[in-house]
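Residue numbers (the working numbering): 182 to 597. Cβ atoms here follow ideal geometry from the backbone N, Cα and C, with glycine treated the same way. Here the structure is a predicted model, which means the values were calculated and not measured.
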RNA sequence: GUGGGUGUAGCUCAGUUGGCUAGAGCGUCAGAUUGUGGUUCUGGAUGUCGCGGGUUCGAUUCCCGUCACUCACCCCA
């Protein structure tokens, strides 16, 4: 049997890579202008890191993590998400002594052992950012702003921002108590999953998709109207900020997060064309995580966006670069042709050509097929005159130019 | 982890109520007089019919298993 990629993983082939690279470039530029710096943490970590931070009760840690032991018996795990590693690194390198907030971003692969589905693979990629050390609603709004702008700048439309707050520890605890109280007498009406959630992770009942549960939840209290004054005020401030940026959002009182470390304001950016996995990006505050992991009490806020999910939404867009095609007629390639070709490339002109004997007709056909905006035709006549024909593939017009001027003329015709 | 659907050329798919050399479109390659593409025409190449086993004189078609893809649940970016 021929070896294939393992389940839930795939090759990102050159055919698709333009979109990936464009997305990465747009994201990096944007994040850098917002003063975030890239951090690259290891792909694998001690398994305990994720148990402590993401939470042992979550499926991510208890069922979906790739855990293995190395030759010395160390329990390691392929990272299932990004924030835990960054919190670890923040503590390990005493980043709390730097000017706060420390703003970090990452782009890379993550691993979860899940059943593959549209927008869900076992190796997947995220772009994320974290602003650590300052508890200001402006940073929450900034994170949301960035999370919206990355897909928007790529041309993704119809994004919806869902916003909520799950409160601080105090108001959340009070609310959970109320919620459990409300559901207690009706627990038998809840679905099997929600019965499990009732004891394991009650807030998760809020975003159950089953109609019977939705109805019961609707009749009960919402966290949004049970926030303490401080938490309500923060949520309202975030709203004010993102309103000023004309970000279209809506308060979703039943929005919760799956990871244990979230506190306060949380959000999701969703897109209807993605199917069941409709979340493009999500995030929120996690003010207790760093302290809980052994660092000083440090507030933080961040987000992560699913790269594959954005790529799905960009499937019919073309991000390929401009290029020219060099057609020539004496085979094998004359040394003058070779030198000209090398010169184009040394000057930063993305040049395609053939390396086997082809007719001129064939070469132009190829050039058109490859999407080259211009073709350069360098036959024996031109070579003897020291010229080359520059053909505009769109208008089918051409001019004969001097070999020496070719680079500057092409560069003027299209900025690379 | 649970449930449904699918698996035939590079791609999209047809097909055989079980039987001779398995098809189409697209793509690809070559050609339609000498150095000019995206239209047209002609011709060529390519498939262990996902893999393994069973039933049968005979299976790509039926059965079982398995792997993968896909959709939903679950989980979550």
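What three-state label does DSSP hand residue 524 in the structure shown? Translated into positions along the first chain, residue 524 becomes position 343. In the structure shown, residue 524 sits in a helix (DSSP, three-state: H, G or I).
Measuring straight from C-alpha to C-alpha, what distance separates residue 525 and residue 493? Position 344 of the first chain, counting from 1, holds the residue named residue 525. Position 312 of the first chain, counting from 1, holds the residue named residue 493. When rounded, the separation of the alpha-carbon atoms in residue 525 and residue 493 is 35 Å.
**Prompt:** Would you call the CB atoms of residue 287 and residue 314 closer than 8 Å?
**Reply:** Your numbering for residue 287 matches position 106 in the first chain. Your numbering for residue 314 matches position 133 in the first chain. Between residue 287 and residue 314, the C-beta spacing is not below 8 Å.
Flag this pair as touching only if the segment 357–372 and the segment 426–437 have three or more C-beta atom pairs under 8 Å; answer yes or no.
Here the segment 357–372 makes no contact with the segment 426–437; the two share fewer than three CB pairs at distances below 8 Å.
Of all the beta strand (DSSP E) runs that stay within the bounds of the segment 530–564, which reach a length of 3 or more residues? The qualifying runs are 532–534 and 555–559.
Checklist line | Endpoints, alpha helix (DSSP H) assigned at residue 207 | finding: Taking the first residue of the first chain as position 1, residue 207 is located at position 26. For residue 207, the enclosing alpha helix (DSSP H) stretches over residues 195–214.
Best match in 438, 447, 416 and 331 for proximity to residue 213 [C-alpha to C-alpha]: On the first chain, position 32 is the one that residue 213 refers to. Relative to the Cα of residue 213, the nearest Cα in the group 438, 447, 416 and 331 belongs to 331.
Q) Quick one: what's got a C-beta closer than 6 Å to residue 587's C-beta in the same chain, skipping five residues either side? A) Within the first chain, residue 587 is the residue found at index 406, counting from 1. Excluding positions up to five away in sequence, the list reads 569.
Query raised in the report: Is residue 585 buried or exposed, if buried means 16 or more other CB atoms sit within 10 Å of its CB?
Result: Against the first chain, residue 585 aligns to sequence position 404. Under this definition residue 585 is an exposed residue.
Q.
Using 8 Å for Cβ pairs, my map puts residue 299 next to residue 486. What's the rounded Cβ distance?
A. Along the first chain, read from residue 1 onward, the residue named residue 299 stands at position 118. Along the first chain, read from residue 1 onward, the residue named residue 486 stands at position 305. Not confirmed; about 17 Å, so no contact.
Exercise for review: Helix, strand or coil for residue 507, going by three-state DSSP, please let me know.
Suggested key: For the purposes of this step, residue 507 is identified with residue 326 of the first chain, where counting begins at 1. Looking at residue 507 - three-state DSSP - the assignment turns out to be strand.
* In whole angstroms, what is the alpha-carbon distance linking residue 357 and residue 241? -> Taking the first residue of the first chain as position 1, residue 357 is located at position 176. Taking the first residue of the first chain as position 1, residue 241 is located at position 60. Here the alpha carbons of residue 241 and residue 357 stand approximately 22 Å from one another.
- prompt: For the segment 247–318, which segments carrying the beta strand (DSSP E) assignment without a break, of at least 3 residues, lie completely within its bounds, in sequence order?
  reply: Listed in chain order, they are 248–250, 256–259, 283–292 and 304–313.
Check your understanding: Going along the chain, which unbroken runs of the beta strand (DSSP E) with 3 or more residues stay wholly within the segment 389–444?
Key -> Entirely contained in the segment 389–444, the beta strand (DSSP E) runs reaching 3 residues are, in chain order, 430–432.
| At a cut of 8 Å, does the segment 505–512 reach the segment 345–353 through at least three beta carbon pairs? | Touching, no, given that fewer than three Cβ pairs across the two stretches are closer than 8 Å.
| task | Specify the secondary structure class of residue 474 as computed by DSSP and reduced to three states. | result | As a first step, residue 474 is located in the first chain; it is residue number 293 there, counting from the start. The DSSP-derived three-state label of residue 474 is coil.
- Item | Residues near residue 250 by beta carbon distance below 6 Å, same chain, minus five either side | Along the first chain, read from residue 1 onward, the residue named residue 250 stands at position 69. Excluding residues up to 5 positions away in sequence, 256 lie with their Cβ nearer than 6 Å to the Cβ of residue 250 in the same chain.
Express the C-alpha separation of residue 231 and residue 539 in angstroms, rounding to a whole number.
Along the first chain, one-based indexing puts residue 539 at 358. Along the first chain, one-based indexing puts residue 231 at 50. Distance from the CA atom of residue 539 to the CA atom of residue 231, rounded to whole angstroms, is 58 Å.
Margin query: On a Cα-Cα basis, can you pick out the residue from 229, 387, 393 and 216 that is closest to residue 404?
Written below: For this step, residue 404 is matched to residue 223 along the first chain. Closest by alpha carbon: 387.
Which residue wins for smallest C-alpha separation from residue 233, given the options 495, 447, 472 and 545? To locate residue 233, count along the first chain from 1; it is residue 52. Among 495, 447, 472 and 545, the Cα nearest to that of residue 233 is on 472.
(request) Apply the 10 Å Cβ neighbour rule to residue 337 and answer buried if 16 or more other Cβ atoms are within range, or exposed otherwise. (result) Taking the first residue of the first chain as 1, we reach residue 337 at position 156. By the neighbour-count criterion, in which 16 or more other beta carbons inside 10 Å mark a residue as buried, residue 337 falls on the buried side.
On the three-state DSSP scale, how would you describe residue 345? Mapped onto the first chain, residue 345 falls at position 164. Strand.
>> I'd like the list of long-range same chain contacts for residue 581, defined as Cβ closer than 6 Å, with 5 residues on each side in sequence excluded.
In response: Stepping through the first chain from its first residue, residue 581 is reached at position 400. Cβ neighbours of residue 581 beyond the five flanking positions: 568 and 570.
Q: Using a threshold of 8 Å, state whether the C-beta atoms of residue 310 and residue 285 are closer than that.
A: The count along the first chain starts at 1 and reaches residue 310 at position 129. The count along the first chain starts at 1 and reaches residue 285 at position 104. Result yes, Cβ atoms of residue 310 and residue 285 sit closer than 8 Å.
Going by beta-carbon coordinates alone, are residue 389 and residue 374 separated by less than 8 Å? Here the question's residue 389 lines up with position 208 in the first chain. Here the question's residue 374 lines up with position 193 in the first chain. Between residue 389 and residue 374, the C-beta spacing is below 8 Å.
- Indicate the three-state DSSP secondary structure (helix, strand or coil) for residue 227 in the structure shown. In the first chain, the residue the question calls residue 227 occupies position 46. In the structure shown, residue 227 sits in a strand (DSSP, three-state: E or B).
* With a CB to CB cut of under 6 Å and the five nearest residues on each side skipped, what residues in its chain are close to residue 219? -> Within the first chain, residue 219 is the residue found at index 38, counting from 1. Closer than 6 Å at the Cβ level, and outside the excluded window around residue 219, lie 286.
Please name the residue, chosen from 452, 197 and 542, that lies closest to residue 501 on a Cα-to-Cα basis. Numbered from its first residue, the first chain carries residue 501 at position 320. Here the closest residue by C-alpha is 197.
From residue 536 to residue 518, what distance separates their C-alpha atoms?
Position 355 of the first chain, counted from the first residue, corresponds to residue 536. Position 337 of the first chain, counted from the first residue, corresponds to residue 518. If you take the alpha carbons of residue 536 and residue 518, they lie about 12 Å apart.
Margin query: With a threshold of 7 Å on Cβ separation, who are the neighbours of residue 574 within its own chain once the five nearest residues in sequence on each side are excluded?
Written below: Against the first chain, residue 574 aligns to sequence position 393. Around residue 574: 548, 549, 553, 554, 555 and 556.
Exercise. Which term fits residue 461, buried or exposed, when burial requires 16 or more other beta carbons within 10 angstroms of its beta carbon?
Worked result: Counted from its first residue, the first chain places residue 461 at position 280. Buried is the call here.
Give me the Cα-Cα distance between residue 235 and residue 498, rounded to the nearest whole angstrom. Within the first chain, residue 235 is the residue found at index 54, counting from 1. Within the first chain, residue 498 is the residue found at index 317, counting from 1. Residue 235 and residue 498: Cα-Cα distance of roughly 36 Å.
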